[in-house]
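Undergrad:
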Amino acid sequence: MAGRDLHWLTITEASKLLQSRQVSATEILEDTLEWVKKTDPVTRNFAYLAEKEAREEAKRADEEIGRGHYRGPLHGVPYTVKALISVAGAPMAWNSKVYAEWSPKKDAEVVRRMRNAGGVLLGKEHTQEVAWGVPTPPTRNPWDGRSVTGGSSGGSGSSVAAGQGMASWGTDCGCSVRNPSALNGCAGMRVTQGRVPASGVVPLSLTMDTVGPLARTVRDLGLMLNGVAGYDSDDHFSVDVPTMDFTAKLGRDVKGMKLGVPKEYFFDHMEPAVKRLIEDGIGQLEKLGMEVREVKFPHVKYTAGTFIGIVVAESAANHDEWLNERAAELGIDVRNFTELGNLLLAKDYIRSNQIRTLIRQDFLDAFRNVDVIVTPTVAATAKPPKDHPIFIKVQYPDGFSEDVIWAYCRFTMPMSLASTPCCIVPCGFSDDGMPTALQIAAKPYEEATALQVGFAYEQSTDWHRKRPSIG
Amino acid sequence: MAKQVLRGNRSIDSATITALARYAGLNLPEDRVVAQLEFLKSQVDFLNEVDRELKLGFQLDDVFHVVPPAYVFHNPPPKS
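Protein chains in written order, with this note's numbering: chain A, 1203 to 1673; chain B, 296 to 375.
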C-alpha cells in the first residue's frame, strides 16, 4: 500500500495492516510527512513538526512489530498533540509571546502513555493563546482553506480532518475539543474530568479542563482513550475509578435506548443549515430505533455568565504574574479575561459555582429518564476571520447576532459545567460545504454509552468518509 | 420569618474598578479601566440578577436553604 494515501487510513484500518505487517510504520509516517509538507502551507496547523523523532519512533515500532512484540492498536500510528501539551524538548509556545521561550523537560503523562502504546508523535498543533478563545490563528479550515478552525484545539481538528496524522490529543474546557471537531468535520470526545491524565498540560480552568481525543472515526476515539485513560497520581483532578474498554459498546444495537432532546436554549439562534442537519441527525437516530424524549434544563439559561465567572477567576490565578510584567505581549482576549478574573470577588466565584451546581443537577435529573442527550455542537459553521477573529459577527434569521466565540461554544459550555462526557460526530455539510456535528452527551463516567450512540449514527451515514479537497 | 435583605444590588464604575485593580495588585492603565467597565459590569449585573432570582446564598426563610458550590462534589475523591 506504500504511497497510496496511507495518511487517510483510520487507526482501525492502519492497526490491522501494521499488525499483519502489510504496511510498516515508517511507510505510513513518510507518506504522512509528505502530505503534511504539501498541505500545511494552506492549513498552517503545525506549531512544531517532530520529523526526526517521529522517524525514530516509527523505526522502533517496525522493529518491535517485526519481532512479534505488537503493543496494540496505537502501535506505529502517527498522531499529534495540541501545543499546550508538554513534549520533552519541544517548544511549548501555545501561541503566546509570553511563553514563547519555554520548552519543558518532561513529557505530559498523556504523551508518556502514548509512547508506551507505541504511538508515533508527529508534532504539536497550534492552539488559541493559552487556550482562551476559538479562532486559533494562524490555522485554516481544510474544507475551504480560509475559514477558522475553531478552538482552542483548532490545529488538532484541522489536522485530523486534513489527513495530517490519524488522531490528535486536544484539551476541552468549555468547547475546545468539541467545536474544532464539528467545524472541521472529524469525531471528538470530551471525557468526564479526571478520566484522562492532565499532568503536564497547561491549565485554563482547573475545575473544567479535560484532555480528549480527536480522530476520524468514533471507534478511533475509543482506541485513543483505551491507550491512555486511567488514574494519574500527578493530576490532582484525576479520578481513581476502574478504567473501561471505551470500544466495548460499539456495534451494540441502540434500538430502545432513550434519547433526550432539550427544547430550551440548545436550539436557540442557529444558522438554518446547521439546525436542519441536527434535526436530520436526530431523525436518523430515531430511525435506528432510539426513543426521543423531551428533556428540560431550567438553569442552562445562566450558562454563559456562570462559565465566565468560574473560568476567568481560575485562569487569572494561573496566568496572573504576566498581567503587570508583560501585559502588552498578551493577546487582547487573554488580557480581557485575565483582568476580569482579578476584578471579580471571591463571592462571585462561589456564586458561579453554586449556579453550576444547579446546571449540573438539571443534567443529572434529565439522565434519570434518558440514556443520552443530543444537541447541536455549534450554532454556525466555520467563518473566515476578520481583522481580529473574535469579532466575527454571526447573524441569524431571527435577528439575533453574536460574536463567533459564543456561536462556537454556547451549546458546549453547559456540558462542561455539568462535567458530562460528550461524543462529537459529523452530521453533514452546509450549502457552502462546511461541516457540522451532533453533540451526544452521557452521564458522568459513561463515555462508552456516548460512543455507542455516536458509532451507531456514524455507521448509518457516510459523513465520516468525506475528505476535504486539499493538496 | 426573618426579613429578607435585598441581595445583589452592586453597581460598578471606573473608581470601583481602579480600587479593585489596586487591591488585586494590578496596574490597570486608564484605557484598560474603560475596557473593563462594560465587561465587569455585565458580569456583576448577571450575578445580581441570578442572586435575586435563585437566592443562592444562605437564606433566613421558613426552610433552611443553601446551594452548595459545584467544586464540593465535582468529582469523587481519588481512592489512593
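The beta carbon of each residue, even a glycine, is placed where N, CA and C say it ideally should be.
Listed from N- to C-terminal order along the chain, which residues in the region 1504 to 1526 of chain A have their beta-carbon within a distance smaller than 9 Å of any beta-carbon of chain B?
TA: So the close ones are Tyr1504, Ala1506, Gly1507, Thr1508, Ile1510, Gly1511, Ile1512, Val1514, Ala1518, Asp1522, Leu1525 and Asn1526.
Undergrad: Which class does Met1459 of chain A belong to by DSSP, given the choice of helix, strand or coil?
TA: By 1-based counting over the first sequence, the position of residue 1459 of chain A is 257. Residue state, collapsed to three classes: coil.
Undergrad: Between the Cα of Glu1496 of chain A and the Cα atoms of A:Ile1575, A:Ile1552, A:Asn1526 and A:Leu1542, which residue gives the shortest distance?
TA: Residue numbering aside, residue 1496 of chain A sits at position 294 when the first sequence is read from its first letter. Answer by Cα proximity: A:Ile1575.
Undergrad: Just reading off the beta strand (DSSP E) that Leu1640 of chain A is part of, what are its end residues?
TA: Reading the first sequence from its first residue, position 438 is the one you call residue 1640 of chain A. Residues Pro1637 to Ala1644.
Undergrad: Against chain A, does Arg327 of chain B count as a neighbour if the rule is that its beta carbon must be under 8 Å from one of theirs?
TA: Walking along the second sequence from the start, residue 327 of chain B turns up at place 32. Closer than 8 Å to some Cβ of chain A, the Cβ of Arg327 of chain B qualifies, so yes.
Undergrad: In terms of residues, what are the limits of the beta strand (DSSP E) holding Pro1616 of chain A?
TA: Within the first sequence, the letter at position 414 stands for residue 1616 of chain A. Counting along the chain, Pro1616 of chain A falls outside any beta strand (DSSP E), though it belongs to the alpha helix (DSSP H) covering Met1615 to Ala1620.
Undergrad: Given a limit of 7 Å on CB to CB distance, which residues of the region 1548 to 1568 of chain A reach chain B?
TA: Per Cβ criterion, the list reads Asp1550, Ile1552, Arg1553, Asn1555, Gln1556, Ile1557, Arg1558, Thr1559, Leu1560 and Arg1562.
Undergrad: Under 8 Å between the Cβ atoms of Pro1344 of chain A and Arg1246 of chain A?
TA: On the first sequence, residue 1344 of chain A is found 142 positions in, with the first residue counted as 1. On the first sequence, residue 1246 of chain A is found 44 positions in, with the first residue counted as 1. Cβ distance not < 8 Å, so Pro1344 of chain A and Arg1246 of chain A don't count as in contact.
Undergrad: May I ask you to report which of helix, strand or coil DSSP gives Pro372 of chain B?
TA: The residue you call residue 372 of chain B lines up with position 77 of the second sequence. Its pLDDT being 45, under 50, Pro372 of chain B is placed unreliably in this model, and the value from its coordinates should be taken loosely. In the structure shown, Pro372 of chain B sits in coil (DSSP, three-state: anything other than H, G, I, E or B).
Undergrad: Can you name, in chain order, every residue of its own chain whose Cβ lies under 8 Å from the Cβ of Thr313 of chain B, other than the five neighbours on each side?
TA: Here residue 313 of chain B is taken as the residue at index 18 of the second sequence, counted from 1. Cβ within range, chain order: Leu323 and Val328.
Undergrad: Please return the same chain residues whose Cβ sits closer than 7 Å to the Cβ of Asp1442 of chain A, not counting the five positions on each side in sequence.
TA: In the first sequence, the residue the question calls residue 1442 of chain A occupies position 240. Excluding positions up to five away in sequence, the list reads Tyr1433.
Undergrad: Three or more beta-carbon pairs under 8 Å between the region 1634 to 1641 of chain A and the region 1538 to 1552 of chain A, yes or no?
TA: In short, these stretches do not touch, since the Cβ pair count stays below three.
Undergrad: Report buried or exposed for Arg1421 of chain A, applying the criterion of at least 16 other Cβ atoms within 10 angstroms of its Cβ.
TA: Here residue 1421 of chain A refers to the residue found at position 219 when the first sequence is read from its first residue. Under this definition Arg1421 of chain A is a buried residue.
Undergrad: Does Asn322 of chain B have its Cβ less than 8 Å from a Cβ in chain A?
TA: If you number the second sequence from 1, residue 322 of chain B lands on position 27. So, interface residue.
Undergrad: For the putative contact between Thr1234 of chain A and Leu1323 of chain A, defined by C-beta atoms under 8 Å, what is the C-beta separation to the nearest angstrom?
TA: Looking up residue 1234 of chain A in the first sequence gives position 32. Looking up residue 1323 of chain A in the first sequence gives position 121. The Cβ separation is near 12 Å, so there is no contact.
Undergrad: So which residues on chain B does Thr1614 of chain A lean against when the C-beta distance must stay under 8 Å?
TA: The count along the first sequence starts at 1 and reaches residue 1614 of chain A at position 412. Within 8 Å Cβ-Cβ: nothing; Thr1614 of chain A doesn't reach chain B, min ~17 Å.
Undergrad: With a threshold of 8 Å between beta-carbons, can Leu332 of chain B be considered close to chain A, or not?
TA: Sequence index remark: in the second sequence, residue 332 of chain B carries index 37 (1-based). No, Leu332 of chain B does not count as interfacial toward chain A.
Undergrad: Here's a check: name, in chain order, each residue in its chain whose Cβ is nearer than 8 Å to the Cβ of Leu1452 of chain A, leaving out the five neighbours to either side.
TA: As a working note, residue 1452 of chain A is residue 250 in the first sequence. Counting only Cβ-Cβ distances below 8 Å, and skipping sequence neighbours, we find Val1420, Arg1421, Gly1424, Leu1653, Gln1654 and Phe1657.
Undergrad: Applying the 10 Å Cβ sphere with the 16-neighbour rule, what's the burial state of Met296 of chain B?
TA: Walking along the second sequence from the start, residue 296 of chain B turns up at place 1. Bear in mind that a pLDDT of 46 at Met296 of chain B, under 50, signals an unreliable position, so the model cannot answer this.
Undergrad: Where does Asn1526 of chain A land, buried or exposed, given buried means 16+ other C-beta within 10 angstroms?
TA: To locate residue 1526 of chain A, count along the first sequence from 1; it is residue 324. Its Cβ having fewer than 16 others within 10 Å, Asn1526 of chain A is exposed.
Undergrad: Cβ of Ser1305 of chain A within 8 Å of Cβ of Gly1320 of chain A?
TA: Locating residue 1305 of chain A in the first sequence gives position 103, counting from the first residue. Locating residue 1320 of chain A in the first sequence gives position 118, counting from the first residue. Against a cut-off of 8 Å, the Cβ pair of Gly1320 of chain A and Ser1305 of chain A comes out as no contact.
Undergrad: By Cβ distance, which residues of its chain are closer than 6 Å to Tyr1250 of chain A, with the 5 residues on each side in sequence left out?
TA: Position 48 of the first sequence, counting from 1, holds the residue named residue 1250 of chain A. Result list for Tyr1250 of chain A: Ala1292, Pro1293, Gly1325 and Lys1326, in chain order.
Undergrad: How about Leu1406 of chain A and Ala1295 of chain A: are their beta carbons less than 8 Å apart?
TA: The residue labelled residue 1406 of chain A in the question sits at position 204 within the first sequence. The residue labelled residue 1295 of chain A in the question sits at position 93 within the first sequence. No; because the gap between Cβ atoms is not below 8 Å, this pair is not in contact.
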